[in-house]
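S.K.: Shown below is the structure under consideration.
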Amino acid sequence: MEPKVRKMAMVVNKFNMHEHDQSFEDLNYWLTKTPVERVSAVTYLIQQALKPGQRMDKTKFKKIVLKK
Numbered sequence: 014m015e016p017k018v019r020k021m022a023m024v025v026n027k028f029n030m031h032e033h034d035q036s037f038e039d040l041n042y043w044l045t046k047t048p049v050e051r052v053s054a055v056t057y058l059i060q061q062a063l064k065p066g067q068r069m070d071k072t073k074f075k076k077i078v079l080k081k
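Anchor point for the sequence shown: position 11 equals 24 in this note's numbering, and the numbering is continuous, going up by one each time.
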């Protein structure tokens, strides 16, 4: 019986958790995505936080009545 051959290379990146800033890598990742993909990802994350049947509030401005 032949040993199994790995089809994926094992990759390990070690970082010091206290010194590593991942925000630059995150920004580069999201800038490679199209605007449609970014909006889709944001919508997906919002849906994860909503209760079943609850809809996302898409209002940009809310009317505020000021007291005179």
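Cβ coordinates follow ideal geometry from the N, Cα and C atoms, glycine included.
Every value quoted in this text rests on a predicted model; they were computed, and no experiment measured them.
Using DSSP with H/G/I as helix, E/B as strand and the rest coil, what is F37?
M.R.: Mapped onto the sequence shown, residue 37 falls at position 24. Of the three classes helix, strand and coil, the one that applies to F37 here is helix, per DSSP.
S.K.: Does DSSP put T56 in a helix, in a strand, or in coil?
M.R.: Translated into the one-based positions of the sequence shown, residue 56 becomes position 43. Residue state, collapsed to three classes: helix.
S.K.: Since M69 contacts I59 with CB under 8 Å, what's their CB separation in whole angstroms?
M.R.: Against the sequence shown, residue 69 aligns to sequence position 56. Against the sequence shown, residue 59 aligns to sequence position 46. The pair is a contact, with the Cβ atoms about 5 Å apart (cut-off 8 Å).
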